[in-house]
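Undergrad: Submitted below is the structure of interest, expressed as structure tokens.
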Amino acid sequence: MNAFDRIIGYSAIKQELMQISDTLKHRSAYEKLGVTAPSGLLLYGEPGVGKSLMASAVIEDSGLPSFVLRKDLPNGDFVKEIKVVFEKAVENAPAIVYLDDMDKFANGDEQHHDAEEYVTVQSCIDGVKDRAVFVLATANRLRCLPGSLLRTGRIGRKIKVNPPRGRDAEEIVAHYIKSKKFAGDVDVKTIAHIMDGRSCADLETVINEAGLYAGYEKADQITMDHFMAAYLRTVMNLPAICGELGADLSVADKNYRQVVYHEAGHAVISEVLCPNSVTLVSIYNNGSDFGGTTGYFNDKSTTYLYWEKSRIIGALGGIAVIEQKFGSFDVGGSRDLDRAFRDAKDLVVNDCVCGFHLHADEYNDSERLQSEQEQVVSSEVERYYRKAKEILSLNAEFLERLAAALAKKTLLSAVDVQKIREQCKIVSVAI
Numbered sequence: 299m300n301a302f303d304r305i306i307g308y309s310a311i312k313q314e315l316m317q318i319s320d321t322l323k324h325r326s327a328y329e330k331l332g333v334t335a336p337s338g339l340l341l342y343g344e345p346g347v348g349k350s351l352m353a354s355a356v357i358e359d360s361g362l363p364s365f366v367l368r369k370d371l372p373n374g375d376f377v378k379e380i381k382v383v384f385e386k387a388v389e390n391a392p393a394i395v396y397l398d399d400m401d402k403f404a405n406g407d408e409q410h411h412d413a414e415e416y417v418t419v420q421s422c423i424d425g426v427k428d429r430a431v432f433v434l435a436t437a438n439r440l441r442c443l444p445g446s447l448l449r450t451g452r453i454g455r456k457i458k459v460n461p462p463r464g465r466d467a468e469e470i471v472a473h474y475i476k477s478k479k480f481a482g483d484v485d486v487k488t489i490a491h492i493m494d495g496r497s498c499a500d501l502e503t504v505i506n507e508a509g510l511y512a513g514y515e516k517a518d519q520i521t522m523d524h525f526m527a528a529y530l531r532t533v534m535n536l537p538a539i540c541g542e543l544g545a546d547l548s549v550a551d552k553n554y555r556q557v558v559y560h561e562a563g564h565a566v567i568s569e570v571l572c573p574n575s576v577t578l579v580s581i582y583n584n585g586s587d588f589g590g591t592t593g594y595f596n597d598k599s600t601t602y603l604y605w606e607k608s609r610i611i612g613a614l615g616g617i618a619v620i621e622q623k624f625g626s627f628d629v630g631g632s633r634d635l636d637r638a639f640r641d642a643k644d645l646v647v648n649d650c651v652c653g654f655h656l657h658a659d660e661y662n663d664s665e666r667l668q669s670e671q672e673q674v675v676s677s678e679v680e681r682y683y684r685k686a687k688e689i690l691s692l693n694a695e696f697l698e699r700l701a702a703a704l705a706k707k708t709l710l711s712a713v714d715v716q717k718i719r720e721q722c723k724i725v726s727v728a729i
């Protein structure tokens, strides 16, 4: 197996790493062209996205001796260790110096750019220039590192490693579940959508946790319910619910019914406007407030403007359904209103959807303009609210079926939502 085969997904990054490794393995071929190998590479991004795995793949594939530096000594001793490691690399050149978690070499904030550790690393890099020593580094927070250290000629190449999304996430999910006994109806794409933007470490952990829930129940297979329970507990810090633990909607108390309908309202509007966009619906949240959670995924099949409008209307869906079903205002919808007004203002002020005359900048931000903006934003939110009520009224069957299922199960996955959607006649509404 090639060293880079261990990297799942990230095809573009993998290609660049293979090219860098080739310059290290076949240095003479590049020198014949009058060029030199890069002096260094920094892989940066949030923890758990696979930076260390990528770095180790470069080291292994290059076949060069490597010398690792990690902050595991007191400050003074560590500075001495930096010098020793670079000296060993020169003695064994061509070689690689691997600076693991370089942003932790000094106090971890942007106020310590001149820390002795960074100054020493910079000095050592300058000292090994043209001596066939390649500097490979990883970091979580780029802002903690001095710009002089990262400039071209020192660590000139920088690759940001983001959490996996889209096809990358699907490939990683498929890799993690292939060795586990998942039920046949568990869909890789659905899991990837639910975990969109989460780190590789999160993906691996949640999938393994799902197996632990299945094992505890003495189940023969890991189901989507087990995965959702693991996701709620591990990622969202919500109660891990498996199975049908809720109530019959017709006999549930009013507070419970309002939470159920509130979340169902969000989900129905999102599914009507953007099919397959809901990843989960739960009557629980990870805060102290009474209320639930609805998750979404944007597959980029709509325009930015359409998606933003659908998010505003969807945010108002919970409040709209409470007014329709219970004839009262939803006092638990303040955060939804905040989001609706914030996003509507962004469209009005920054994207000028209601005219250029409402755009504000440093030269045009008068009290009169602000007052006019506020009036237009309020009017827009009112319009979106009426649209939310229209969508819910036209899709009452979908709403009732979804609410009944949520009341009974307390948690619906994307698969559950789609099954319910397929049983209903969906009435589209233009926005």
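Start counting at 1 in the sequence shown, then tack on 298, and there's your number in our numbering.
We put the beta carbon where it would ideally sit given N, CA and C, even for glycine.
As the structure is a prediction and not an experimental result, all values here were calculated from the model.
1) For S337, collect the residues of the same chain with a Cβ closer than 8 Å to its Cβ; drop the 5 residues on either side in sequence, then sort them by chain order.
2) Using a threshold of 7 Å, state whether the C-beta atoms of A430 and A472 are closer than that.
3) Taking the beta carbon of G425 as the centre, do at least 16 other beta carbons fall within 10 Å, making it buried, or is it exposed?
4) CB V576 to CB A565, shorter than 7 Å?
5) Check this for me: beta carbons of S548 and L709, under 7 Å apart or not?
6) Looking at the secondary structure, which residues open and close the beta strand (DSSP E) in which F525 lies?
7) Buried or exposed: where does Y661 fall if 16 or more other Cβ atoms within 10 Å of its Cβ makes it buried?
8) Can you round the beta-carbon distance between L614 and Y682 to whole angstroms, since I take them to be within the 8 Å contact cut?
9) Just curious, the alpha helix (DSSP H) that K707 is in, first and last residue?
10) Assign M299 to buried or exposed, taking buried as 16 or more other Cβ atoms, counted over all protein chains shown, within 10 Å of its Cβ.
11) With a Cβ-Cβ cutoff of 7 Å, do G307 and I470 count as a contact?
12) Using C-beta distances below 7 Å, list every residue in its chain close to A701, excluding the 5 sequence neighbours before and after it, in chain order.
13) Could you tell me which residues DSSP puts in a beta bridge with L340?
14) Buried or exposed: where does Q671 fall if 16 or more other Cβ atoms within 10 Å of its Cβ makes it buried?
15) Of the residues A545, L510, K516 and F384, which one's Cα is nearest the Cα of A528?
16) Taking L536 as the reference, give the member of Y582, S676, R368 and K312 with the closest Cα.
17) Do I394 and S421 have their C-beta atoms closer together than 7 Å?
TA: Reading from the atomic positions:
1) The residue labelled residue 337 in the question sits at position 39 within the sequence shown. The residues are I423, K427, F432, V433, G451, R452, I453 and G454.
2) Position 132 of the sequence shown, counted from the start, is the residue given in the question as residue 430. Position 174 of the sequence shown, counted from the start, is the residue given in the question as residue 472. No; because the gap between Cβ atoms is not below 7 Å, this pair is not in contact.
3) The residue labelled residue 425 in the question sits at position 127 within the sequence shown. Its Cβ having fewer than 16 others within 10 Å, G425 is exposed.
4) Taking the first residue of the sequence shown as position 1, residue 576 is located at position 278. Taking the first residue of the sequence shown as position 1, residue 565 is located at position 267. Closer than 7 Å, so yes.
5) If you number the sequence shown from 1, residue 548 lands on position 250. If you number the sequence shown from 1, residue 709 lands on position 411. Contact flag unset, no.
6) Residue mapping note: residue 525 aligns to position 227 of the sequence shown, counting from 1. No beta strand (DSSP E) holds F525; the alpha helix (DSSP H) holding it covers M522 to T532.
7) Numbered from its first residue, the sequence shown carries residue 661 at position 363. Burial call: exposed.
8) Indexing the sequence shown from 1 puts residue 614 at position 316. Indexing the sequence shown from 1 puts residue 682 at position 384. So it is a contact: roughly 6 Å between Cβ atoms.
9) Counted from its first residue, the sequence shown places residue 707 at position 409. That run of the alpha helix (DSSP H) goes A694 to K707.
10) Residue 299 sits at position 1 when you count from the first residue of the sequence shown. Under this definition M299 is an exposed residue.
11) Position 9 of the sequence shown, counted from the start, is the residue given in the question as residue 307. Position 172 of the sequence shown, counted from the start, is the residue given in the question as residue 470. It is a contact, given that the beta carbons lie within the stated cut-off.
12) As a first step, residue 701 must be located in the sequence shown, where it is residue number 403. Within the same chain, A701 has close Cβ partners L547, V558, Y559 and A562.
13) For the purposes of this step, residue 340 is taken as the residue at position 42 of the sequence shown. Per DSSP, A435 and K456.
14) Taking the sequence shown and counting its residues from 1, the one referred to as residue 671 is at position 373. Buried, by the Cβ-count rule.
15) In the sequence shown, counting from the first residue as 1, residue 528 sits at position 230. Nearest C-alpha to A528: L510.
16) The residue labelled residue 536 in the question sits at position 238 within the sequence shown. Taking only the C-alpha atoms, the option nearest L536 is Y582.
17) Position 96 of the sequence shown, counting from 1, holds the residue named residue 394. Position 123 of the sequence shown, counting from 1, holds the residue named residue 421. Not closer than 7 Å, so no.
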